[in-house]
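Working notes, beginning with the structure itself.
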Amino acid sequence: MIEFLQHKEDTIAREILAVQIPAYIKETEIIGFDGIPALQEKVKDIQASHERFAGYRKNGKLIGVISYEKNMHYLTICRLVVHPDGFRKGIGRALLQFVIDHNKDAEKIEVVTAENNTPAVSLYTQAGFQKAETVKAAQGLLLSVFHLYPKRKVEIILYNEKWAECFDEEKERLKLVFGPEIIAIHHIGSTSIPNMAAKPIIDMLIEVRSIEAVSQFDEQMKANGYTPKGENGIAGRRYFQKGGNKRTHHVHMYEQGNPAIERHLLFQRLSQSSSKHSERIRRSQKTAGGPAP
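Here's what the structure looks like:
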């Protein structure tokens, strides 16, 4: 059974060390390096950690531990240890999947292991991680940095009248962030078109006085759950995402007068007009008993 651990409790911290120390001793034998910092950790170090811990128990005994830190939508695995008694039983893979499953909004997951730690490298590779770089550490030890970019599930659902309310609520929040820099905020994209099925993501177009001034609000946007993406491939735009892999909002910002603003709004008007026309046809067909054969 896997569960989150209250590592600040003395008993739990001691259990974690009872798994961690023999696991790292075994790793020193594999990689030929005995300077692993975690081998020097004490109970107080575990208790003082800001990491989140989870553990694998068998018959009540803790035999596997994983811990991680999360900053916005970027997650770093800090330790993944299995007691030698639990080797080759899929415990490490189960702990890894537990963290992934409980952080579905994570856009990137990073983990570091010794380059010659073959079992760990195999575990991460099989879990879908890709090697990003090699880093030279103390005494010539080579570390492999692995990244995983979880796939975002995309779904199309029926139109929801609450999307308009979600837009209005977010609009007021963004006004508080950008203040007088904002000229206008428009609800665009499929969620703005009545009766159209869409991905449940609110797209917002914001006209601002100066596009260069937008970056000074990045920290405030982060505090509101957004990830600043810069131009993100479109010159003259500033783009923000909210919700990580469980995306809820996209914000597209352009300086007043940018031609992209009118293109977005023209497409919006055409889409809404088409939607209203389709709805009129649907109602007339229903009144007449359905379409002619």
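The UniProt record's numbering puts the first residue of the sequence shown at 1, with every later residue one more than the last.
We treat Cβ as the ideally placed atom computed from N, Cα and C, and that holds for glycine.
Along the chain, where does the beta strand (DSSP E) containing residue i start, and where does it finish?
| i | result |
| --- | --- |
| Thr113 | Lys108 to Ala114 |
| Leu142 | Leu142 to Leu148 |
| Thr118 | Where Thr118 is concerned, there is no enclosing beta strand (DSSP E), although the alpha helix (DSSP H) it sits in stretches over Thr118 to Gln126. |
| Met196 | Per DSSP, Met196 belongs to no beta strand (DSSP E) and is neither H nor E. |
| Lys61 | Lys61 to Asn71 |
So what's residue i in DSSP terms, helix, strand or just coil?
| i | result |
| --- | --- |
| Gln40 | helix |
| Ile16 | helix |
| Gln97 | helix |
| Ile156 | coil |
| Gly55 | strand |
| Arg237 | strand |
| Gly86 | helix |
| Thr191 | helix |
| Arg263 | helix |
| Glu29 | helix |
| Thr248 | coil |
| Ala288 | Below a pLDDT of 50, predicted positions are generally treated as unreliable, and Ala288, at 38, falls in that range; no measurement from the model is reported. |
| Glu9 | coil |
Measuring straight from C-alpha to C-alpha, what distance separates residue i and residue j?
| i | j | result |
| --- | --- | --- |
| Leu54 | Ala18 | The identity of residue 54 in the sequence shown is Ala, whereas the question assumes Leu. In a straight line, the C-alpha of Ala54 is about 14 Å away from that of Ala18. |
| Ala292 | Met196 | Low confidence applies here, because Ala292 scores a pLDDT of 31, under 50, leaving its location unreliable; read the following figure in that light. If I take the Cα positions, the gap works out to 24 Å. |
| Ile188 | Ser271 | 10 Å |
| Gly90 | Thr118 | 15 Å |
| Phe178 | Asn59 | 55 Å |
| Gly64 | Met253 | 46 Å |
| Thr134 | Leu143 | 6 Å |
| Arg173 | Lys242 | 13 Å |
| Phe4 | Gln97 | 13 Å |
| Asp231 | Arg238 | First, the residue type needs correcting, since residue 231 is Glu and not Asp in the sequence shown. If I take the Cα positions, the gap works out to 5 Å. |
| Lys175 | Ile183 | 10 Å |
| Asn224 | Lys61 | 41 Å |
| Lys70 | Thr113 | 18 Å |
| Tyr226 | Ile30 | 42 Å |
| Arg209 | Arg88 | 60 Å |
| Ala260 | Tyr56 | 52 Å |
Measuring CB to CB, does residue i end up less than 7 Å from residue j?
| i | j | result |
| --- | --- | --- |
| Gln256 | Glu212 | no |
| Glu41 | Ser67 | no |
| His147 | Ala137 | no |
| Ile185 | Lys171 | yes |
| His264 | Ile202 | no |
| Glu110 | Asn245 | no |
| Asn103 | Leu75 | yes |
For the alpha helix (DSSP H) containing residue i, name the first residue and the last one.
| i | result |
| --- | --- |
| Tyr226 | Not the alpha helix (DSSP H): Tyr226 falls in the beta strand (DSSP E), residues Tyr226 to Pro228. |
| Lys222 | Asp218 to Ala223 |
| Phe167 | Lys162 to Phe178 |
Does the ligand NAP have a heavy atom nearer than 6 Å to the CB of residue i?
| i | result |
| --- | --- |
| Gly189 | Among the ligands in the structure shown, none appear at all, so the ligand NAP cannot be discussed. |
The region 69-88 touching the region 10-30, judged by at least three CB pairs closer than 8 Å: Counting Cβ pairs under 8 Å, three or more are found: they touch.
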